[in-house]
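From first to last, the protein sequence lines stand for chains A and B.
Positions 152 to 464 (our numbering) are the ones given, in order, by the first sequence.
Positions 266 to 646 (our numbering) are the ones given, in order, by the second sequence.
Where a beta carbon is used, it is the ideal one built from N, C-alpha and C, also for glycine.
All figures in this text were calculated on a predicted structure; none of them were measured in a lab.
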Amino acid sequence: MPEKVIEVRGLTKEYKDLKAVDDLSFDVYEKEILGLLGPNGSGKSTTINSILSLLKYSSGSIKIFGKEMKPDAYDIKRDIGVIFQEVAVFEELTVYDNIDYFCGLYIRDKKQRKEYVDDAIELVGISYYKKFYPKQLSGGLLRRLNIACGIAHKPKLIFLDEPTVAVDPQSRNHILEGIKKLRENGATILYTTHYMEEVEQICDRIIIIDKGRIIAEGTSDSLKKLANIEEKISVEIHSLSDDGIEKAKKLKYATDAVYDGTNLIVSYGGGRDNMTRMIDFLRDNDYHYKKLYSERPTLNDVFLELTGKELRD
Amino acid sequence: MTVFNAFLKVVKKNIITIIIYTLIVIVFAAANMQTDNGPTGFISEKPDIMIINNDQGSALSKNFEKYLRENTNIVDIHGSDEDIADALFYRDITCIVTIPENFGKCVISGNTPEVEIRTCGNDFAAFSEMIISQYLRIQNSCAKRIQDESKLIETINSSPNKKAEVNITTKLDTSVMSKSKTYFNFAAYSMMSCILFIVCLVLSSFNELSVRKRTIVSSMNYKKYGFDLFLSSFSYAFAVWVFFMLLSLIMVGKSMISLRGAAFMLNAFVFTLSALALAYMLSCLLFKKNAITGIVNVLTLGFSFLCGVFVPAEFLPSWVLSIARVMPTYWYIQNNELIGTSEHLSGDVRSLLINFLVMGGFTLVFAIVGIIVSGRKRKIA
């Protein structure tokens, strides 16, 4: 059984009448990537800030590396790296100097620090931009610099709070690959995001939170089972009557059918050859369609099933 | 050292600004010190006047005319009354003196003749009036006790020629002191600008919410971090002070190596501390880094104009000086005045100390406000 790196018990944070985090309990195990998934305002950042003692929480307990986390727990903080949602760098310092400064808050030895800074630059792929100033970097490169500043001191536990917000796909892939590498190097990662594709791609375990409460917890596959959907078939079709939607709902194994004016989406609870039956249905009813594709259920479907609303709402 | 090194790197990035402010003090102080280098004597100038003597036969009127010829430039204008009025209007002459008929008889009989004076109203005209009235006052006063015309003329002529002997007893080299005062007054603007601009800029970078959050979650003790920042800011302010003191040695010269020079330097050091505390308070109050340049310029220029850095305090209206009292620059300038003009510094120690204490008070207030605001900002929730 891997060791618990973070233990959160009954964490609650109240702002006057609002409960931003409501009795949250979970563990993060050594060398795992735990995804904290939830829509904006669900309490992800409040949870992270409470764990890091940046916020005074109303009740509950937090242990990191088996010790109680407090604002002055500098021995615990030495092994923690944090990458916040907003880019935290000095505009007046170069890329190298920025990483060197933040690494210097943990590592005093100059020689060791130089080695660490070079490793971090290599990891996030910004070697070419070492002498650039932050203003000269694109949004994606800035995010990579932000990550390098947070992980240069080689922490054992890394908090990543929505590190890919407003990042181009190329940089996003680079960042996600970097996070995987960090785990390969032995780090434990707590990753918060509202991008379900990202958690599916990199997380070992996922906690879905909404309105400050955990609504589901497990691996991506185990969570998807909660959606009660095996397959979804989407058809781009420009004209479909209510009668047509009703007919689609009655297809074999179909659990639901929704038409938004352009796409007909039919959900299936199981069965094989659903695609063949759909093509037959369209041909028999003389429906003219453009695109037709099948997909596995997503975490958004899980969220929809559990809360009745979309993850991106 | 991490914080100190980062501090220095940010300062280095803004070195151009520091150079500009230094050049300002060099250029302005040098130009003003050059003005102070001029001779401290006077060149006597005579006003141009015209005399219309309607009492040609009287010895007394001739004596008055002779006195005016000695003390003014007599201009003869030939023409109509209109031409004479034009000459006055166009400042060809500053004054027309009309000696009435029976001027002499009137004086001898103990009466006061009415001498008509028309002036163009400028400074020279006032000077002419002063010369004329001086003569007439003496004449009237002597006429009360002397009735003999020739004796009266003799007495009148001997009176204005009396000269008073003036001995300068001060050992104060006013020329050098004026130079020092000018330099240190101008240095107030540049020193404050260098400190406010750079310290505000650097501290606001360190105080930016995202950077502060990253620092709080790091393993560096936050109190030590705060102390390192203070030490870095103080070191920078101290370096600015040392630089401007060395510059004073170059610009003012050897006279700076004296008790008076040390007093100027000490005053500048206390002022530096006030500027540093003000910079700290501003960096805590300011939310937008972009606003720093504007606010610093408004403050430094405002302080300088209101407190007598650019315009000597004696030329400023009293209401301006009343406002200036709530600024540390005012008390710094007051001390510069005392140090630069006082005959014996020891006699003004009390006044100097009071001004130092007021500056110290400002330092304390700025620092306390900064600490309170900074503490509130640290509570992110």
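Minimum length 3: unbroken beta strand (DSSP E) runs contained in the stretch 169 to 221 of chain A: 169 to 180, 184 to 188, 210 to 215
Inter-stretch contact (C-beta, 8 Å, three-pair minimum) for the stretch 273 to 282 of chain A and the stretch 222 to 237 of chain A: no
Interface flag, Val275/B vs chain A, CB-CB below 8 Å: Counting from one through the second sequence, the residue named residue 275/B turns up at place 10. Chain A contact via Cβ: present.
Contacts that Leu327/A makes with chain B (C-beta to C-beta distance below 7 Å): As a working note, residue 327/A is residue 176 in the first sequence. Chain order gives no chain B residues near Leu327/A, where near means a beta carbon separation below 7 Å; the closest approach is about 22 Å.
Of the residues Leu288/A, Ile357/A, Pro306/A, Asn249/A, the one placed nearest Val275/B, counting alpha carbons only: On the second sequence, position 10 is the one that residue 275/B refers to. Taking only the C-alpha atoms, the option nearest Val275/B is Asn249/A.
Within-8 Å CB hit, Gly420/A to chain B: Here residue 420/A corresponds to residue number 269 of the first sequence, with the count starting at 1. With 8 Å as the cut-off, Gly420/A does not count as an interface residue toward chain B.
Partner residues on chain B for Phe235/A, Cβ-Cβ distance less than 8 Å: Looking up residue 235/A in the first sequence gives position 84. What Phe235/A touches in chain B: Ser475, Lys478, Arg479.
Below-8 Å beta-carbon distance, Ala399/A vs any chain B residue: For the purposes of this step, residue 399/A is identified with residue 248 of the first sequence, where counting begins at 1. Closer than 8 Å: no.
With 16 other Cβ atoms within 10 Å as the buried cut-off, status of Phe368/B: Here residue 368/B refers to the residue found at position 103 of the second sequence. With 16 or more Cβ atoms within 10 Å of its Cβ, Phe368/B is classed as buried.
Inter-residue Cα distance where the pair is Leu538/B and Ile604/B: Your numbering for residue 538/B matches position 273 in the second sequence. Your numbering for residue 604/B matches position 339 in the second sequence. If I take the Cα positions, the gap works out to 19 Å.
Alpha-carbon to alpha-carbon, Gly363/A and Asp464/A: For the purposes of this step, residue 464/A is taken as residue 313 along the first sequence, with counting starting at 1. For the purposes of this step, residue 363/A is taken as residue 212 along the first sequence, with counting starting at 1. Here the model assigns Asp464/A a pLDDT of 47, short of 50, so the residue's position is not dependable, and the following value carries that caveat. If you take the alpha carbons of Asp464/A and Gly363/A, they lie about 16 Å apart.
Where Met496/B falls, given that 16 or more other Cβ within 10 Å makes a residue buried: What you label residue 496/B is simply residue 231 of the second sequence in a count that begins at 1. Here residue 496/B is Leu; the residue named in the question, Met, does not match the sequence. By the neighbour-count definition (other C-beta atoms within 10 Å, threshold 16), Leu496/B is an exposed residue.
Euclidean distance between Cα positions of Ile645/B and Trp596/B: As a first step, residue 645/B must be located in the second sequence, where it is residue number 380. As a first step, residue 596/B must be located in the second sequence, where it is residue number 331. With a pLDDT of only 48 at Ile645/B, under 50, the local geometry of the prediction cannot be trusted, and the value read off the model is given with reservation. For Ile645/B and Trp596/B, the distance between alpha carbons rounds to 38 Å.
Neighbour-count burial assignment, Ala296/B, 16 or more Cβ in a 10 Å radius: As a position in the second sequence, residue 296/B is number 31, starting the count at 1. Burial call: exposed.
Element boundaries [alpha helix (DSSP H), containing Leu244/A]: Reading the first sequence from its first residue, position 93 is the one you call residue 244/A. Unbroken run through Leu244/A: none, as it is neither H nor E.
Presumed contact (8 Å Cβ cut-off) between Ala540/B and Ile460/B, rounded CB distance: On the second sequence, position 275 is the one that residue 540/B refers to. On the second sequence, position 195 is the one that residue 460/B refers to. Correct: roughly 4 Å between the Cβ atoms.
is_contact[Leu203/A, chain B] using C-beta, thresh 8 Å: Counting from 1 along the first sequence, the entry for residue 203/A is found at position 52. It does: the Cβ of Leu203/A has a partner Cβ on chain B nearer than 8 Å.
Backbone secondary structure at Leu402/A - three-state DSSP: Sequence index remark: in the first sequence, residue 402/A carries index 251 (1-based). If DSSP states are grouped into helix, strand and coil, Leu402/A belongs with coil.
Gln412/B versus Glu335/B - alpha carbon distance: Start at 1 with the first residue of the second sequence, and residue 412/B comes out as number 147. Start at 1 with the first residue of the second sequence, and residue 335/B comes out as number 70. Cα-Cα distance, rounded: 25 Å.
Span of the beta strand (DSSP E) around Ala367/A: Taking the first sequence and counting its residues from 1, one reaches residue 367/A at position 216. That run of the beta strand (DSSP E) goes 364 to 369.
Beta-carbon neighbours of Val561/B, restricted to chain A and to distances below 7 Å: Position 296 of the second sequence holds residue 561/B. The premise fails here: Val561/B is roughly 16 Å from chain A at the closest Cβ pair, so nothing lies under 7 Å.
Per-residue burial, Glu313/A [other beta carbons within 10 Å of its own, 16 or more giving buried]: Taking the first residue of the first sequence as 1, we reach residue 313/A at position 162. Classification for Glu313/A: buried.
Nearest candidate by alpha-carbon position, reference Ala299/A, set Val240/A, Glu335/A, Arg259/A, Thr339/A: As a position in the first sequence, residue 299/A is number 148, starting the count at 1. The shortest C-alpha separation from Ala299/A is found at Val240/A.
Contact set for Ile202/A: own chain, Cβ-Cβ below 6 Å, skip 5 residues either direction: Reading the first sequence from its first residue, position 51 is the one you call residue 202/A. Within the same chain, Ile202/A has close Cβ partners Ile213.
When Leu417/B, Gly386/B, Cys385/B, Phe389/B are compared against Thr400/B, the one with the closest alpha-carbon: Residue 400/B sits at position 135 when you count from the first residue of the second sequence. Correcting the residue type first, residue 400/B is Tyr in the shown sequence and not Thr. Considering only alpha carbons, the answer is Leu417/B.
CB contact below 8 Å: Ala646/B versus chain A: Working through the second sequence from its first residue, we reach residue 646/B at position 381. The pLDDT assigned to Ala646/B is 36, lower than 50, so where the model puts this residue is not dependable, and the model offers no usable value.
6 Å CB neighbourhood of Tyr332/B in its chain, flanking five on each side removed: Your numbering for residue 332/B matches position 67 in the second sequence. If the five residues before and after Tyr332/B are omitted, its C-beta is found closer than 6 Å to the C-beta atoms of Tyr400, all from its own chain and listed in chain order.
Leu142/A to Ser445/A span [Cα, whole Å]: Nothing about residue 142/A can be reported from this structure: the residues present for chain A run from 152 to 464 only.
Chain B contacts from the stretch 248 to 260 of chain A (Cβ-Cβ distance under 7 Å): Asp248, Tyr252, Phe253, Gly255, Leu256, Tyr257
Against chain A: residues of the stretch 482 to 497 of chain B by CB proximity under 9 Å: Taking 9 Å as the Cβ-Cβ cut-off against chain A, the residues of the stretch 482 to 497 of chain B that qualify are Val482, Ser483, Ser484, Met485, Asn486, Tyr487, Tyr490.
Amino acids of chain B, ordered along the chain, whose beta-carbon sits closer than 8 Å to that of Lys228/A: Taking the first residue of the first sequence as position 1, residue 228/A is located at position 77. Residues of chain B whose Cβ lies closer than 8 Å to the Cβ of Lys228/A are, in chain order, Val482, Ser483, Ser484.
Where Lys278/B meets chain A, residues with beta-carbon distance less than 7 Å: Numbered from 1 along the second sequence, position 13 holds the residue referred to as residue 278/B. Residues of chain A passing the Cβ test: Glu243.
Element boundaries [alpha helix (DSSP H), containing Leu455/A]: Looking up residue 455/A in the first sequence gives position 304. Counting along the chain, the unbroken alpha helix (DSSP H) around Leu455/A starts and ends at 450 to 458.
Minimum Cβ-Cβ distance from Ala239/A to chain B less than 8 Å: Stepping through the first sequence from its first residue, residue 239/A is reached at position 88. Closer than 8 Å: yes.
Contacts around Pro306/A, its chain only, beta-carbon distance under 7 Å, and the 5 residues preceding and following it disregarded: As a working note, residue 306/A is residue 155 in the first sequence. Hits under 7 Å: Asp230, Ile231, Gly232, Ala338.
Local Cβ density within 10 Å of Gly459/A, reported as buried at 16 or more and exposed below that: For the purposes of this step, residue 459/A is identified with residue 308 of the first sequence, where counting begins at 1. Gly459/A comes out exposed.
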